[in-house]
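Asks:
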Amino acid sequence: MSTKRTVLVTGATGKQGGAVARRLLGTGYPVRAFVRDADRPAARELAALGAELAVGDFDDPRSLDAAVRGVHGVFCAQPGDLPDPRPDVNARRGRTVVDAAADAGAAHLVYSSAAAVGRGADVGHFEAMAEVEAHIAASGVPATVLRPTFFMENWSYLMPEAHDGVRAGALALDADTPLQMIAVADVARIAAEAFDGPDEFVGAHLELAGDELTVRQIADAFTAADGVPTRIARTPADELRASAPYLADFFAWLNETGYQADLTALHHRWPDLHTFPTWLHTRP
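In my numbering, the protein residues as written are 55 to 338.
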């Protein structure tokens, strides 16, 4: 009989939260999935896998208080829209989750932040996460902070389907800019390990990456994966800034500074982290 205790997963119908919920369920954890709509296909899929659905909203503290009641752990991933992230709203929502976990006496909070936090990224989306991290530290809740780099899954919508035998994308990064990336499956795995091993993980702040490739190398990896010639053009910075200033700030930071996770140490600790080519071959 499993002795693992219930974990609340917020953002459970998103890519990251959903991956964490599925990983926890697969390793024997009872999961309570915090969802806005229990009838959404992603929510129904989690229920079919055995998750308990807790319907609520980040903007309704009472629903969060009810969802966290009686759980052992909380995984917090906040849905966000980088082009229009509303940092004040995201910071408030994150603090609400932390407060609910503290009030309920949760034994372990795993918060998914971003590897840009603390790296000089003057971007509201990441400043909000920094505020939540500070709130966690002040709350006294036993916590682990995961700081993922760029999700490999982002390429599923950044790179269009091939047209006339060529795959052509565009990104506001220079061709030789290195980009660190992580697969959500690896974030989920490490989150589950954190709940398994609080003695090792409580108090840790972990920057997560599985690979680092330049934009040119990313295009080459797409070509190698399926034989379709792939190119990634450079989106002009002023063009992006006119439509999505927060996103322009983010890509400017990537070009000038970028993520700095310790890939050598990460692959020593987790040797089978996805590289970008392995992710391309295993993605749905």
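C-beta atoms are modelled at their ideal positions from N, C-alpha and C, and glycine is treated no differently.
Decide if the region 316–329 is in contact with the region 288–307; the criterion is three or more beta carbon pairs, one per stretch, under 8 Å apart.
Replies: No: fewer than three Cβ pairs fall under 8 Å.
Asks: Assign TYR211 to buried or exposed, taking buried as 16 or more other Cβ atoms, counted over all protein chains shown, within 10 Å of its Cβ.
Replies: Counted from its first residue, the sequence shown places residue 211 at position 157. Classification for TYR211: exposed.
Asks: Output needed for THR88: all residues of its chain with C-beta closer than 7 Å, excluding positions within five of it in sequence on either side, in chain order.
Replies: To locate residue 88, count along the sequence shown from 1; it is residue 34. Before going further, note that residue 88 is Phe rather than Thr in the sequence given. Around PHE88: LEU62, VAL63, THR64, ALA66, ALA108, GLY110 and ALA121.
Asks: Using 8 Å as the threshold, is the region 230–243 in touch with the region 322–333, meaning 3 or more CB pairs across them?
Replies: Short answer: they touch.
Asks: Short of 7 Å in beta carbon distance, which residues of its chain neighbour MET55, apart from the five on each side in sequence? Order them along the chain.
Replies: As a first step, residue 55 is located in the sequence shown; it is residue number 1 there, counting from the start. Residue placement at MET55 is flagged as unreliable, the pLDDT there being 44, under the threshold of 50; a coordinate-derived value is accordingly withheld.
Asks: Which residue's Cα is closest to the Cα of VAL171: LEU200, ASP153 and THR150?
Replies: Taking the sequence shown and counting its residues from 1, the one referred to as residue 171 is at position 117. Closest option to VAL171, Cα to Cα, is LEU200.
Asks: Any chance the region 242–253 sits against the region 207–221, with 3 or more Cβ pairs inside 8 Å?
Replies: Cβ pair count under 8 Å is below three, so no.
Asks: Starting from MET235 and walking both ways along the alpha helix (DSSP H), at which residues does that stretch end?
Replies: Your numbering for residue 235 matches position 181 in the sequence shown. Not the alpha helix (DSSP H): MET235 falls in the beta strand (DSSP E), residues 232–236.
Asks: Using the Cα positions of ALA155 and VAL164, report the straight-line distance between them to the nearest angstrom.
Replies: Counting from 1 along the sequence shown, the entry for residue 155 is found at position 101. Counting from 1 along the sequence shown, the entry for residue 164 is found at position 110. For ALA155 and VAL164, the distance between alpha carbons rounds to 11 Å.
Asks: Can the beta-carbon of ALA263 be found closer than 7 Å to that of THR203?
Replies: Stepping through the sequence shown from its first residue, residue 263 is reached at position 209. Stepping through the sequence shown from its first residue, residue 203 is reached at position 149. A contact, by the Cβ cut-off of 7 Å.
Asks: Would you mind sorting HIS322 into buried or exposed? The rule is 16 or more other CB atoms within 10 Å of its CB.
Replies: The residue given as residue 322 occupies position 268 in the sequence shown. By the 10 Å Cβ count, HIS322 comes out exposed.
Asks: So what does ASP265 bridge to, in DSSP terms?
Replies: Stepping through the sequence shown from its first residue, residue 265 is reached at position 211. DSSP lists MET235 as partners of ASP265.
Asks: Which residue from TYR313, ALA158, ALA279 and ARG288 puts its Cα closest to that of ARG357?
Replies: In the structure as shown, the chain starts at 55 and stops at 338, and residue 357 therefore has no counterpart that could be examined.
Asks: Unbroken alpha helix (DSSP H) runs of length 4 or more, entirely within the region 73–110: which are they?
Replies: Counting only runs of 4 or more, we get 95–102.
Asks: Does the distance from the CB of PRO115 to the CB of THR81 come in under 7 Å?
Replies: By 1-based counting over the sequence shown, the position of residue 115 is 61. By 1-based counting over the sequence shown, the position of residue 81 is 27. No, the Cβ-Cβ distance between PRO115 and THR81 is not below 7 Å.
Asks: Who are the near neighbours of ASP230 in its chain, counting only those whose CB is closer than 7 Å to its CB and skipping five residues on each side?
Replies: For the purposes of this step, residue 230 is identified with residue 176 of the sequence shown, where counting begins at 1. Around ASP230: THR268 and ARG270.
Asks: Go ahead and pull the three-state DSSP assignment for ALA165.
Replies: Counting from 1 along the sequence shown, the entry for residue 165 is found at position 111. Correcting the residue type first, residue 165 is Tyr in the shown sequence and not Ala. Strand, per DSSP.
Asks: Return the CA-CA distance between ASP93 and THR311, expressed in angstroms with no decimal places.
Replies: Here residue 93 refers to the residue found at position 39 of the sequence shown. Here residue 311 refers to the residue found at position 257 of the sequence shown. Computed Cα separation, rounded: 42 Å.
Asks: Run through DSSP, which three-state label would PHE112 get?
Replies: Position 58 of the sequence shown, counted from the start, is the residue given in the question as residue 112. In this structure, PHE112 counts as coil in the three-state DSSP scheme.
Asks: What's the call for ARG288, buried or exposed, on a 16-neighbour Cβ count within 10 Å?
Replies: To locate residue 288, count along the sequence shown from 1; it is residue 234. It is exposed - the Cβ of ARG288 has fewer than 16 other Cβ atoms within 10 Å.
Asks: Comparing alpha-carbon positions, which option in TYR83, SER297, PRO283 and SER117 lies nearest LEU103?
Replies: As a working note, residue 103 is residue 49 in the sequence shown. Answer by Cα proximity: TYR83.
Asks: Of the choices ASP228, ILE272 and GLN70, whose alpha-carbon is the least far from that of LEU308?
Replies: In the sequence shown, counting from the first residue as 1, residue 308 sits at position 254. Among ASP228, ILE272 and GLN70, the Cα nearest to that of LEU308 belongs to ASP228.
Asks: Is ALA226 close to chain C, meaning its C-beta is less than 7 Å from at least one C-beta of that chain?
Replies: In the structure shown, chain C does not exist; there is a single protein chain.
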